[in-house]
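Enquirer: All residue numbers for the sequence shown refer to our numbering, where the first residue is 347 and numbers rise by one.
If you scroll down you'll find the structure; I have some questions about it.
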Amino acid sequence: MEYIPVIILVLSFVSLLLIGVPVAWSIAISSLLTMMVSIPTLPALTTVSQRIGTGLDSFALLAIPFFVLSGQLMNKGGIAHRLIAFAKTLVGALPGGLALINVVSAMLMGAIAGSAMASASAMGSILGPEMEKEGYSKEFGAAVNITSSTIGLVIPPSNVLIVYSLASGGVSIAALFLAGYIPGILTGLFLMIVASLWAKKKKYKVGKRSSLKDVVKTFIAAFPSLMLLVVVIGGIVTGIFTATEASAIAVLYTLVLAFYYKEISIKGLPQIFLDSCGTTAIVMLLIGTSMSMSWIMSYENIPQDISTLLLGVSDNPIIVLLIINLLLLFVGIFMDMTPAVLIFTPIFLPIITELGMDPVQFGIVMVLNLCIGLCTPPVGSVLFVGVGIANTTIEKVVKPLLPLFVSMIVALFLVTYFPELSLWLPRLFGL
347 MEYIPVIILV
357 LSFVSLLLIG
367 VPVAWSIAIS
377 SLLTMMVSIP
387 TLPALTTVSQ
397 RIGTGLDSFA
407 LLAIPFFVLS
417 GQLMNKGGIA
427 HRLIAFAKTL
437 VGALPGGLAL
447 INVVSAMLMG
457 AIAGSAMASA
467 SAMGSILGPE
477 MEKEGYSKEF
487 GAAVNITSST
497 IGLVIPPSNV
507 LIVYSLASGG
517 VSIAALFLAG
527 YIPGILTGLF
537 LMIVASLWAK
547 KKKYKVGKRS
557 SLKDVVKTFI
567 AAFPSLMLLV
577 VVIGGIVTGI
587 FTATEASAIA
597 VLYTLVLAFY
607 YKEISIKGLP
617 QIFLDSCGTT
627 AIVMLLIGTS
637 MSMSWIMSYE
647 NIPQDISTLL
657 LGVSDNPIIV
667 LLIINLLLLF
677 VGIFMDMTPA
687 VLIFTPIFLP
697 IITELGMDPV
707 QFGIVMVLNL
717 CIGLCTPPVG
727 SVLFVGVGIA
737 NTTIEKVVKP
747 LLPLFVSMIV
757 ALFLVTYFPE
767 LSLWLPRLFG
777 L
């Protein structure tokens with residue numbers, strides 16, 4: 347194994363992050379420095395820039411800007427209020443009712459909007475003040491909001507699963523989408539159990555039981571929003587359209603829905619388009635530079651060397667998967683989800699394939715694992731959004747956050763060691 351390229355890649359990347367260089371530029375610069383070890387400066391510059399360009403040359407990636415736009419339209423189109431009202435009638439009367447409403451609403455909102463930060467922002471703004479009014483501590487409310495907002499990245503449609511499909515060399519997006527349902531719902535249930543036990547311990551108020559009439563009324567109000575999942579996932583699974591075409595249909599559907607709800611005007615559309623372009627530009631730059639780093643690591647045989655090293659430690663699948671999970675949990679603390687998926691999928695995929703693990707299952711394990719990283723400092727974007735909206739500090743949120751973390755890690759290991767949790771649905775539909 348040639349150690350110099352690995353040392354330069356790791357040290358330069360970590361150093362750039364520590365001095366505050368944005369993640370995308372840290373990836374690009376460290377990739378360039380690593381390449382310059384093997385070839386002269388000019389060819390190295392040409393190679394890195396070429397890999398960034400070719401990394402974005404994918405039809406599947408067109409789905410990302412469309413899903414981002416549909417998420418923005420959903421977020422601004424009054425969807426959150428209707429989903430919260432529906433969730434309230436389902437779980438509002440249970441112990442820790444408002445916390446459970448947050449989890450259920452975040453699962454629905456995250457799945458529809460496809461953005462953890464959009465979900466954290468919407469749920470925190472609407473439910474946060476209401477929870478405080480009912481006697482819940484703002485730190486507990488923030489902790490529930492932060493952890494539950496990430497579940498929507500596992501429940502489809504999910505941009506991160508599309509990115510994984512690209513990084514893995516073409517794993518079926520439809521299979522990945524279906525595989526995310528049970529692990530996402532399982533994680534949500536674990537969060538609800540912990541939140542309910544915490545609320546019972548702190549003796550928080552319990553809401554009133556809703557009548558069947560209220561349940562039906564709120565369901566009808568939320569039904570058009572929930573139908574987006576049926577249209578998008580149903581169309582992909584039945585082969586009516588591809589994931590990219592589904593993303594465009596999602597935009598059209600959400601646009602019509604937003605005008606139907608009268609929450610968005612023609613005048614408000616330019617700002618929504620602008621916000622979507624900004625988010626898309628950031629994601630695409632991360633994808634381009636990460637694909638460049640992945641190629642350079644492959645050029646330097648880093649994935650093969652790591653694979654040999656890990657399999658040399660143990661050939662027991664349980665031990666190797668445990669090591670991979672721990673490494674990903676560590677990576678998630680310091681790196682955002684998109685570059686982590688693009689960089690580490692080519693490294694770990696050959697290992698898990700060697701162990702006989704299905705790439706679809708590994709995709710769900712990886713995303714579920716990195717979701718935990720979004721809730722941890724120093725790069726936890728959802729953590730900062732949740733804490734900022736709740737107007738509290740990270741130090742105060744840590745205590746109620748820890749048991750919720752544990753529940754997410756338990757769900758992660760169940761999905762890792764019980765393949766049917768993620769593979770049953772894709773197999774049921776012949777994917």
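The beta-carbon is built from N, C-alpha and C at its ideal position, and this holds for glycine as well.
Note that the coordinates shown come from a computational prediction; the quantities given were computed from them, not determined experimentally.
For Asn662, which three-state DSSP category applies?
Expert: Coil.
Enquirer: In this structure, does DSSP put Asp704 in helix, strand or coil?
Expert: Three-state DSSP puts Asp704 in coil, outside helix and strand.
Enquirer: Using only the alpha-carbon positions, how far apart do Ile430 and Pro570 sit?
Expert: Taking the straight line joining both Cα atoms gives about 14 Å.
Enquirer: Measure from the alpha carbon of Phe680 to the alpha carbon of each residue in Ile353, Val360, Tyr349, Pro351, then state which is nearest.
Expert: Answer by Cα proximity: Val360.
Enquirer: Can you confirm whether the region 684-699 touches the region 666-675 when touching is taken to mean that 3 or more C-beta pairs between the two stretches lie within less than 8 Å?
Expert: Enough Cβ pairs lie closer than 8 Å, so yes.
Enquirer: Can you give the beta carbon distance from Ile664 to Phe694, rounded, assuming they're within the 8 Å contact cut?
Expert: The Cβ separation is near 16 Å, so there is no contact.
Enquirer: According to DSSP, is Cys721 part of a helix, a strand, or is it coil?
Expert: Coil.
Enquirer: Starting from Leu507, trace the alpha helix (DSSP H) in both directions and tell me its first and last residue.
Expert: 505-513 is the span of the alpha helix (DSSP H), which, as asked, contains Leu507.
Enquirer: Is it right to say Gly624 is buried, meaning 16 or more other beta carbons lie within 10 angstroms of its own, or is it exposed?
Expert: Result: exposed.
Enquirer: Unbroken alpha helix (DSSP H) runs of length 4 or more, entirely within the region 572-659: which are they?
Expert: Counting only runs of 4 or more, we get 589-607, 615-645, 648-659.
Enquirer: Decide yes or no for the touch test of the region 493-507 against the region 405-420: beta carbon pairs closer than 8 Å, at least 3 of them.
Expert: Yes: the two stretches touch, three or more of their Cβ pairs being nearer than 8 Å.
Enquirer: Return helix, strand or coil for Tyr763, following the three-state DSSP convention.
Expert: Helix, per DSSP.
Enquirer: For the alpha helix (DSSP H) that contains Glu480, what are its first and last residues?
Expert: Here Glu480 belongs to no alpha helix (DSSP H), and DSSP marks it neither H nor E.
Enquirer: Who are the near neighbours of Leu363 in its chain, counting only those whose CB is closer than 8 Å to its CB and skipping five residues on each side?
Expert: Excluding residues within five positions, the ones whose Cβ falls inside 8 Å are Val369, Ser372, Phe680.
Enquirer: For Ser611, count neighbouring Cβ atoms within 10 angstroms of its own Cβ and tell me buried if that reaches 16, exposed if not.
Expert: By the 10 Å Cβ count, Ser611 comes out exposed.
Enquirer: Return yes when the Cβ of Ile472 is within less than 8 Å of the Cβ of His427, no when it is not.
Expert: Taking 8 Å as the Cβ cut-off, His427 and Ile472 qualify as a contacting pair.
Enquirer: Kindly list the residues whose CB is nearer than 6 Å to the CB of Ser753, restricted to its own chain and excluding five residues on each side of it in sequence; keep chain order.
Expert: Excluding residues within five positions, the ones whose Cβ falls inside 6 Å are Phe536, Leu537, Val540.
Enquirer: Do you know offhand how far Tyr527's Cα is from Leu391's?
Expert: If I take the Cα positions, the gap works out to 42 Å.
Enquirer: Would you report the Cα separation of Gln650 and Arg555, rounded to the nearest angstrom?
Expert: Cα to Cα, the separation comes out at about 57 Å.
Enquirer: Does Val550 come out as helix, strand or coil in the three-state DSSP assignment?
Expert: Before going on, a small fix: residue 550 reads as Tyr here, not Val. Tyr550: coil per DSSP, three-state reduction.
Enquirer: For a test of the three-state rule: what should DSSP assign to Arg555, helix, strand or coil?
Expert: The answer is coil: DSSP assigns Arg555 none of H, G, I, E or B.
Enquirer: Alpha carbon to alpha carbon, what distance is there between Leu598 and Ala604?
Expert: So the two alpha carbons sit approximately 10 Å from each other.
Enquirer: Would Ala525 pass as a contact of Val756 if the rule is Cβ separation under 8 Å?
Expert: No.
Enquirer: I need the DSSP call for Val352, collapsed to helix, strand or coil.
Expert: Three-state DSSP puts Val352 in a helix.
Enquirer: Apart from the five residues on each side of it in sequence, which residues of its chain come closer than 6 Å, Cβ to Cβ, to Ala568?
Expert: Excluding positions up to five away in sequence, the list reads Arg428, Leu429, Phe432.
Enquirer: Please work out which residues of its chain come closer than 7 Å, Cβ to Cβ, to Leu656, disregarding the five sequence neighbours upstream and downstream, and give them in chain order.
Expert: Result list for Leu656: Val666, Ile669, Ile697, in chain order.
Enquirer: Is it the case that the region 631-648 contacts the region 391-411, given that we only count it when at least three CB pairs across the two stretches are under 8 Å?
Expert: Yes, the region 391-411 touches the region 631-648.
Enquirer: Using only the alpha-carbon positions, how far apart do Trp770 and Ile595 sit?
Expert: Each residue's alpha carbon lies about 27 Å from the other.
Enquirer: Using a 10 Å radius around the Cβ and a threshold of 16 neighbouring Cβ atoms, would you call Ser557 buried or exposed?
Expert: With fewer than 16 Cβ atoms within 10 Å of its Cβ, Ser557 is classed as exposed.
Enquirer: Please name the residue, chosen from Thr387, Phe405, Leu760, that lies closest to Glu591 on a Cα-to-Cα basis.
Expert: Per the Cα distances, Phe405.
Enquirer: Phe523 lies in the alpha helix (DSSP H); which residues open and close that run?
Expert: That run of the alpha helix (DSSP H) goes 519-525.
Enquirer: What separation, rounded to the nearest whole angstrom, lies between the Cα atoms of Gly719 and Thr493?
Expert: Each residue's Cα considered, the two are about 10 Å apart.
Enquirer: At the level of alpha carbons, what is the spacing between Asn647 and Lys546?
Expert: In a straight line, the C-alpha of Asn647 is about 53 Å away from that of Lys546.
Enquirer: Do the CB positions of Gly530 and Met453 come within less than 8 Å of each other?
Expert: A contact, by the Cβ cut-off of 8 Å.
Enquirer: Applying the 10 Å Cβ sphere with the 16-neighbour rule, what's the burial state of Glu485?
Expert: Per the 10 Å Cβ criterion, buried.
Enquirer: Apart from the five residues on each side of it in sequence, which residues of its chain come closer than 6 Å, Cβ to Cβ, to Pro749?
Expert: Taken in chain order, the residues that qualify are Val540.
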